[in-house]
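Asks:
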Ligand SMILES: Cc1cc2nc3c(=O)[nH]c(=O)nc-3n(C[C@H](O)[C@H](O)[C@H](O)COP(=O)(O)O)c2cc1C
Ligand code: SF4
Ligand code: SF4
Ligand code: SF4
Ligand code: SF4
Ligand code: FES
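Protein chains in written order, with our numbering: chain A, 105 to 508; chain B, 107 to 743.
1. DSSP three-state label for residue 419 of chain B, please.
2. According to DSSP, is residue 687 of chain B part of a helix, a strand, or is it coil?
3. Give me the residue from B:610, B:613, B:592 with the minimum Cα distance to residue 603 of chain B.
4. Starting from residue 340 of chain A, trace the beta strand (DSSP E) in both directions and tell me its first and last residue.
5. Consider the C-beta atom of residue 249 of chain B and the heavy atoms of ligand 3; say whether any pair is separated by less than 7 Å.
6. For the stretch 420 to 436 of chain A, which residues have a CB atom closer than 9 Å to at least one CB atom of chain B, in sequence order?
7. Can you tell which of A:240, A:299, A:313 has its C-alpha closest to the C-alpha of residue 197 of chain A?
8. Pop quiz: residue 132 of chain A and residue 207 of chain A are said to be a contact at Cβ under 8 Å. What is the actual Cβ separation, rounded to whole angstroms?
9. Give a yes or no on whether the minimum CB-CB distance between residue 150 of chain A and chain B is below 8 Å.
10. Looking at chain A, is there any beta carbon in it that lies within less than 8 Å of the beta carbon of residue 316 of chain B?
11. Decide yes or no for the touch test of the stretch 297 to 307 of chain A against the stretch 171 to 182 of chain A: beta carbon pairs closer than 8 Å, at least 3 of them.
12. Which whole-angstrom value is the C-beta distance of residue 274 of chain B and residue 328 of chain B, which I expect to be below 8 Å?
13. With 8 Å set as the bound, which would you pick, yes or no: does the beta-carbon of residue 466 of chain A sit closer than that to a beta-carbon of chain B?
14. Using a threshold of 8 Å, state whether the C-beta atoms of residue 236 of chain A and residue 245 of chain A are closer than that.
15. Return the CA-CA distance between residue 726 of chain B and residue 277 of chain B, expressed in angstroms with no decimal places.
16. Alpha carbon to alpha carbon, how far is residue 220 of chain A from residue 113 of chain A? Give it in angstroms, no decimals.
17. Between the beta-carbon of residue 288 of chain B and the beta-carbon of residue 311 of chain B, is there less than 8 Å?
18. Taking 8 Å as the CB-CB limit, is residue 170 of chain A close to chain B?
19. Please say whether residue 175 of chain B and residue 197 of chain B have beta carbons closer to each other than 8 Å?
20. Among the candidates B:305, B:567, B:460, B:627, whose CA atom is the shortest distance from the CA of residue 287 of chain A?
21. Would you please verify whether the beta carbon of residue 219 of chain B is less than 8 Å from any beta carbon of chain A?
22. Residues of the stretch 197 to 210 of chain B in Cβ contact with chain A at a cutoff of 8 Å, in chain order, please.
23. Relative to the C-alpha of residue 126 of chain B, which residue among B:141, B:147, B:143 is closest?
24. With a threshold of 8 Å, are at least 3 pairs of Cβ atoms found where one atom belongs to the stretch 159 to 167 of chain A and the other to the stretch 183 to 201 of chain A?
25. Name, please, each residue of chain B whose Cβ falls closer than 7 Å to the Cβ of residue 472 of chain A.
26. Would you mind listing the alpha helix (DSSP H) stretches within the stretch 333 to 395 of chain A that are 4+ residues and don't spill past its ends, in chain order?
27. Just how far apart, CA to CA, sit residue 303 of chain B and residue 229 of chain B?
28. Is the CB of residue 156 of chain B under 8 Å away from at least one CB in chain A?
29. Anything with a beta carbon under 5 Å from a heavy atom of ligand 3 counts; list them all in chain order.
30. Do residue 521 of chain B and residue 669 of chain B have their CB atoms nearer than 8 Å?
31. Which residues in the same chain as residue 270 of chain A place their Cβ atom closer than 6 Å to its Cβ, once the five residues preceding and following it in sequence are excluded?
32. Name, in chain order, the residues that DSSP records as bridge partners for residue 398 of chain B.
33. What does residue 307 of chain B reach in chain A if we use C-beta pairs closer than 8 Å?
34. Does the stretch 693 to 702 of chain B come close enough to the stretch 449 to 466 of chain B to have 3 or more Cβ pairs within less than 8 Å?
35. Return no unless some Cβ of chain B is closer than 8 Å to the Cβ of residue 248 of chain A.
36. Whose C-alpha, out of A:152, A:167, A:386, is nearest the C-alpha of residue 297 of chain A?
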């Protein structure tokens, strides 16, 4: 039985609200680009894809770049284990996402928008294409959009090729250009040198949806939600040991314990915040808040109850990274294998504490020396699970004196 | 900053900010701080460049001066103030007033970790490795004090060695995944044989469908070998067989030495690049036990006569007899280039000169003309060639190269392998006394010598052609007979030479082929020179599109950047500065010689008088000195 919550049950203050397509576009095209940028800056909107980069800064840099062509890319690759909120937005609230893409195009001066849709979401393709056609019919895409002379813009949907790394914005761009999905060197950043070498904004689905609401209701309104540093609300994809998994809209600043109550989680031992690349929190940390300044996340929340073996949980994550590393740079390519081997040593009860500590140190190097976000975040689970669940994992069996 | 000229994946292209033309203008430079020291650098300078200019050493592995940036090994990481993560110095173009620290504890730890990781997967032992003592991984391990296997060490081989190729051997157990070979092959050479496949720790460098190197479009240029930091790629070394031949009293072992190895081999003995060791090498080779030492330049001179005559015939047929002939004529002395053309432009095989390369001309002369003269049975001759080139190994094994009745050249030996043999014989080359080449081929001209540098074949040909046609001395037309416009390392050179209204008499050697030069009066000879197959490709595409190069008469192509002196068998490391110095050594040696034109080489004339009596491009010369080619295409079954 599917216990996931349904659209009719969804409630939220910012995104899961009534909205009719085109409202924000029409308002936007009657405004100055600078004024829209100002509203977004006022809203303090940060990227929802994980890294939390201020949206207004990204847009301003792209708007300021001099180029004959610019692009908007909507990152709908949604490959982080345990997230499915972008799927919900695209399936149930496409008006928010696409309107946001049109507004982005208007502000930075792009004529083309591209949705990079996760391969597994191919089943949505036909209905999304229909939706775009409907927008064209209403002059929300195409030429002189919303009656604004000279504002031509259209959106194309491209299917991803099924690798987690392709969600990383520069690897995504490589993939769009038909190359192997590998992260690029940065700087220069996509804002100046992106798709086909042109200035490109890459935003998460949810970030773009927020833009629509900001243009509709103003930056001040948006900022009234959430905390001072994490404004607005956030979609959380909740999975694991709880009665009501699904996508929830909650204001930033919500305590983890509050969220657990809302989703009906009991006997919770651990919460993985931010998917495989996130951090794993133990009970004593459940009063921490979900916010960029505290426990930040692109939206994935995995709940584990007392029956779960945290070493297995960790092993799953590490297997994921060994599989998904693009294999380009040394720290991530070999480092993840070494971390996984470490987990297997613990599993076999054939390890020394000093070696595990060496692996943690290695993890810290991976966090700073890997080429892209994948390798920079893959040791997070390793380090946090081994630290927060040390007693369970390292001190079981022979009471801590195990190993060679 | 899309660069349409490159085939490298964008992730491996230099996304560097274009450097300003005038860094001294306002906004052209930026002030930064490296380890507390304030310096000013042009916008777009990478952190690595900035550090090098200020004598701060940054370890690198995937970086190579000849190649676009990869930023994958991460050994060059440094701290940039205000940034959460470390930055790869090789891949970071400076545009802001950043503060850099190059040796903090975080940086040192990271570098050591990265080395430890590489070594944990590196299967190979230094003492049984061709790169022992010239290996970047080995030196880095030493530099960072690696004294144990922190993260374990592979205990057994993971990959099968691919020794299918006559030229290049791949030992992926030693690969550190720097992708220099990939970038070399696809970007520098535009061949695209090697690519990274699989993901994560399973990532390896592979060929199309993981086929053997001998069964893909590899042109054997060996440029990937020269840029591999470790022993994962090396040439197919025949020196054991050569030792056996030397040790066999029944074998008459002769060796020819090409000009480029002579200009570079000193580097293998610790000399600075740019010292020619020609005559020292003669002595060393004799002491090792070679029975005769010949100068490949001799057959380079012969090549000029044969190839030049062929060109004249083609022009005569086209202009006077109005026949359908393939022009421009392409040079054929670079076997890497020949194979490139056979794979990628097989429809242009008729444009290739049928003249063999100097190595192969010598091969067939040694086992015929020389054997006869010296009274040795050709079956007892073992013919070795010291070449700057790995493709020469493939060339001498081409099945058609047996015009003497035997395999014309038995072994192609690279400069590196030659140096190894010399060391093995206990000889320190720079200390050798000088001695001359052996007769009957004696010394050769400077024209043959400059074959080693890009533009050299063209210059040698022009020195002769100009004299043949105008009757004037090359020196009267070009200062000191140095034809400077075809020299230098520019990727593609194009030169027009108006012949004028005054023509001379047809020289005796080719009198039977053309009656006079009147048909060339007022004509303009158009020639071009390209080195590196990426540049060759540009010319070929232009010819296909009917561009200006399709109107050329003669084009020199060399597979390797810089020409033979940058060949895949030359000492490692290589970069433009080193290649430049080798070129200087070659041109200096040319100027020091008395005879600097192929047709003035008395030994060449003697060969035509005594042996190839019907002259160049005659029946016998066709049999021995010319060859044919194979349409290969891009896909090999
Ligand atoms: C390995 C990896 C995978 C990522 N996957 C996604 C993804 O599926 N969707 C996404 O929006 N961002 C993903 N990101 C983050 C993007 O690189 C990028 O920061 C984001 O799309 C920017 O949008 P935002 O500023 O609106 O958050 C990923 C990053 C990394 C390192
Ligand atoms: S960190 Fe991992 S995924 Fe990112 S570039 Fe390096 S190997 Fe590829
Ligand atoms: S590649 Fe380098 S480190 Fe490896 S065995 Fe050879 S010399 Fe030693
Ligand atoms: S020898 Fe030349 S063609 Fe062959 S793989 Fe190496 S670089 Fe490519
Ligand atoms: S074969 Fe050599 S050049 Fe190529 S990736 Fe491996 S180590 Fe680097
Ligand atoms: S040398 Fe800079 S990353 Fe390899």
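Yeah, the Cβ is synthetic: ideal placement off N, Cα and C, and Gly gets one too.
Replies: Quick answer:
1. Note: residue 419 of chain B maps to helix in three-state DSSP.
2. Per DSSP, reduced to three states, the secondary structure at residue 687 of chain B is helical.
3. The shortest Cα separation from residue 603 of chain B among B:610, B:613, B:592 belongs to B:592.
4. 337 to 344 is the extent of the beta strand (DSSP E) around residue 340 of chain A.
5. Answer for residue 249 of chain B: no, Cβ out of range of ligand 3.
6. The residues in question are 425, 426, 427, 428, 429, 430, 431, 432, 433, 434, 435, 436.
7. Comparing Cα positions, the closest option is A:313.
8. The pair is a contact, with the Cβ atoms about 5 Å apart (cut-off 8 Å).
9. Chain B contact via Cβ: absent.
10. No, its Cβ sits nowhere closer than 8 Å to a Cβ of chain A.
11. Yes, since at least three Cβ pairs between the stretch 297 to 307 of chain A and the stretch 171 to 182 of chain A fall closer than 8 Å, the two stretches touch.
12. Right, the Cβ-Cβ distance comes to about 6 Å (below 8 Å), so this counts as a contact.
13. Cβ-Cβ to chain B under 8 Å: yes for residue 466 of chain A.
14. Cβ distance < 8 Å, so residue 236 of chain A and residue 245 of chain A count as in contact.
15. Between residue 726 of chain B and residue 277 of chain B, the C-alpha separation is close to 44 Å.
16. The alpha-carbon atoms of residue 113 of chain A and residue 220 of chain A are separated by roughly 28 Å.
17. The answer is yes: Cβ separation under 8 Å.
18. Taking Cβ atoms only, chain B never reaches closer than 8 Å to residue 170 of chain A, which makes this a no.
19. Their beta carbons are under 8 Å apart, which means residue 197 of chain B touches residue 175 of chain B by this criterion.
20. The shortest C-alpha separation from residue 287 of chain A is found at B:305.
21. Using a CB distance cut-off of 8 Å, residue 219 of chain B counts as an interface residue toward chain A.
22. From the stretch 197 to 210 of chain B, only 197, 198, 199, 201 have a Cβ closer than 8 Å to chain A.
23. Of the listed residues, the one whose Cα sits closest to residue 126 of chain B is B:147.
24. Too few Cβ pairs lie closer than 8 Å, so no.
25. What residue 472 of chain A touches in chain B, judged by beta-carbon distance under 7 Å, is 191, 192, 212, 216, going in chain order.
26. Runs found: 360 to 366.
27. Their Cα atoms are separated by approximately 20 Å.
28. Closer than 8 Å to the CB of residue 156 of chain B there is not a single CB belonging to chain A.
29. Every residue passing the under-5 Å Cβ criterion appears here: B:230, B:232, B:235, B:237, B:238, B:241, B:243, B:244, B:280, B:336, B:337.
30. Taking 8 Å as the cut-off, the Cβ atoms of residue 521 of chain B and residue 669 of chain B do not count as close.
31. Excluding residues within five positions, the ones whose Cβ falls inside 6 Å are 181, 264, 276, 279, 285.
32. Residue 398 of chain B is bridged to B:360.
33. Here the neighbours are 426, 429, 431, 437, 438, 440, 441.
34. Segments in contact, no.
35. Chain B places no beta carbon closer than 8 Å to that of residue 248 of chain A, leaving this residue out of the contacts.
36. Closest by alpha carbon: A:167.
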